[in-house]
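Residue numbers (the working numbering), protein chains in the order written: chain A, 295 to 576; chain B, 295 to 576.
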């Protein structure tokens, strides 16, 4: 009853503890990554990191992932794989299988699976009136990095790295689940779109007091930039959440507002908070 | 601790029983399906069926799958989805999540996950000298169907259907695992390639007495046609295997030969059995 990953029809993993959590994401070169400004390995890293972030959003612990790649002949598959392997290592989510086919585009479909020992997974739909709304970090870094790169910044610029190497908030997600948070999601398409989805799923409104803008980013990038992969959390006992984060050596989550009962009330500092966000485009 | 599939960052499934088995397969229109002769829904069906067949090959029970699709604008995604849904229904493997992105090719990456209650999964590497080698059905139907379709046969021709709608041998795989078979794999690339891989993984040779050719297929199609998705099984107690198949109302597995110790001995009716098989081409 061991584990096997290589050379068989399928990978075999030791039994999962608790619920199994599964998600799939596909990234396309030229759509999800601007190949003029970024190396191919970034597509591999971002594809794996984006998928793993979906586990973080549920409070799950990664168990592994599989990758299905299409690419035209002549593609540097080793470079692509290097990016995937890097993300796999930093997220502790081993690549246990894969498939490869020829196609005109470079596409990377990553499927991640994780487990939720103890309490069940956190959904978007659990937010309740009176809950505090928090995010795990300041927003807009990825969009600012993309802007800076296009304006000539080097690949090692801090914000450019934030765009190239998003860091899934796995530890934060598990901490929030353990601390009894009510609802959670990852901010992949920007707060301006994702917070509305979150409120829609929970059937609630929100009153935002603040949007934390990262150093070097604009308010617009913070709201509609996307790809920050910070977690959005709703918790009734925010003090406990902060304590658990502190105990685990995590940066304190940032309060952005509160959940309200009126599903139509959606404001930032008293003004309507419009639904707007970032969509991938060719 | 229920299950949820829709609208969250990830799907949540009730705990798996025993080992978790995971596999991913990507299918590309024009590579894995000839769009001149087959409707788009067949790509969806074949992509899901091929992935589920990897679970069958391990003796696993399906728990679900996720699909990541890329397609150019204007693609009939409903037709594609209809094929995936059909395969999901007949294999009892629910589609619990997905992702969609724009790309030049129509590609379908399917990741399946299953469980192995009781005994662990069956690998390719367990075949032992003296084992009987069996297949779950006559071979060459898929390749014959492709040939017939290109020669003008209708989409409802029996062999054409075998090409369009491969049927993963899930019940057979679970029966073989339960009956204590030593090793198993699915014949996706043809016996002429897959049997060598099987023998390589087990470090053994084989002596074939027969290759069962399906009605309407040629010996060449049976050996190197591919996409039959019948299971190849090595078992020391083939009588028990036959009994279990009979008890479950399954067609009797067909003996094709025996496993031998000498890894270099690989024959069909006394002649060398060459390594040859089917590879997808654009």
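Positions of the beta carbon are idealized from the N, C-alpha and C atoms, including for glycine.
Return the chain-ordered list of same chain residues with a C-beta closer than 8 Å to the C-beta of residue i, the five sequence neighbours on each side being excluded.
i             : result
residue 444/A : 328, 331
residue 506/A : 429, 431, 432, 433, 516, 548, 550
residue 542/B : 465, 469
residue 536/A : 546, 547
residue 396/B : 364, 365, 366, 367
residue 511/A : 432, 433, 434, 435, 437, 438, 453, 519
residue 555/B : 423, 498, 499
residue 392/B : 360, 361, 362, 363
residue 472/B : 353, 412, 413, 538
residue 335/B : 373, 374, 376, 377, 380
What residue from the options has the CA that sits closest to residue i's CA?
i             : options                    : result
residue 313/B : 367/B, 324/B, 356/B        : 356/B
residue 437/A : 353/A, 456/A, 417/A        : 456/A
residue 534/A : 501/A, 400/A, 474/A        : 474/A
residue 520/A : 488/A, 538/A, 426/A        : 488/A
residue 380/A : 349/A, 458/A, 396/A        : 458/A
residue 461/A : 307/A, 375/A, 344/A, 334/A : 344/A
residue 404/B : 316/B, 415/B, 334/B, 529/B : 316/B
residue 525/A : 354/A, 321/A, 335/A, 320/A : 354/A
residue 309/A : 414/A, 358/A, 318/A        : 358/A
residue 579/A : 539/A, 482/A, 540/A, 513/A : Chain A is shown only over 295 to 576; residue 579/A falls outside these bounds and no answer can be derived.
residue 528/B : 509/B, 346/B, 450/B, 427/B : 427/B
residue 333/A : 351/A, 372/A, 305/A        : 372/A
residue 509/A : 370/A, 442/A, 407/A, 560/A : 442/A
residue 389/B : 304/B, 415/B, 321/B, 401/B : 304/B
residue 406/A : 306/A, 552/A, 513/A, 319/A : 319/A
residue 415/B : 306/A, 449/A, 402/A        : 306/A
residue 349/B : 349/A, 302/A, 401/A        : 302/A
Apart from the five residues just before and just after residue i, which ones in its own chain have a Cβ nearer than 7 Å to its Cβ?
i             : result
residue 574/A : Because the pLDDT of residue 574/A is 49, which lies under 50, any placement of that residue in the model is unreliable, and the question is left without a value.
residue 562/A : 502, 505
residue 558/A : 499
residue 530/B : 422, 424, 425, 476
residue 351/B : 467, 478, 479, 480, 525
residue 513/A : 505, 507
residue 553/B : 421, 422, 423, 424, 425, 427, 498, 500, 528
residue 567/A : 502, 560, 561
residue 544/A : 465, 466, 469
For residue i, which three-state DSSP category applies?
i             : result
residue 425/A : coil
residue 409/B : strand
residue 444/A : helix
residue 295/A : Here the model assigns residue 295/A a pLDDT of 45, short of 50, so the residue's position is not dependable and the matter cannot be decided.
residue 560/B : strand
residue 568/B : coil
residue 420/B : helix
residue 404/B : strand
residue 370/B : coil
residue 432/A : coil
residue 453/B : helix
residue 414/A : coil
residue 399/A : coil
residue 575/A : In this predicted model, residue 575/A has a pLDDT of only 42, less than 50, meaning its place in the structure is not dependable; the value taken from the coordinates is given anyway. Three-state result, residue 575/A: coil.
Excluding the five sequence neighbours on either side, which residues of its own chain have a C-beta within less than 6 Å of the C-beta of residue i, listed in chain order?
i             : result
residue 495/B : 418, 419
residue 447/B : 454
residue 490/B : 569
residue 311/B : 409, 411
residue 440/B : 457
residue 399/A : 322
residue 394/A : 363
residue 347/A : 462, 480, 523
residue 532/B : 426
Q.
Would you call the stretch 374-392 of chain A in contact with the stretch 336-352 of chain A, where contact means no fewer than 3 C-beta pairs closer than 8 Å?
A. As far as the Cβ criterion goes, the stretch 374-392 of chain A touches the stretch 336-352 of chain A, which means the pair count is three or higher.
query = For the stretch 464-552 of chain B, which segments carrying the alpha helix (DSSP H) assignment without a break, of at least 4 residues, lie completely within its bounds, in sequence order?
reply = Complete alpha helix (DSSP H) runs here, min 4: 464-472, 485-496, 513-518, 532-541.
May I have a chain-ordered list of the beta strand (DSSP E) segments no shorter than 3 residues that lie completely inside the stretch 299-367 of chain A?
-> Counting only runs of 3 or more, we get 305-307, 313-322, 355-365.
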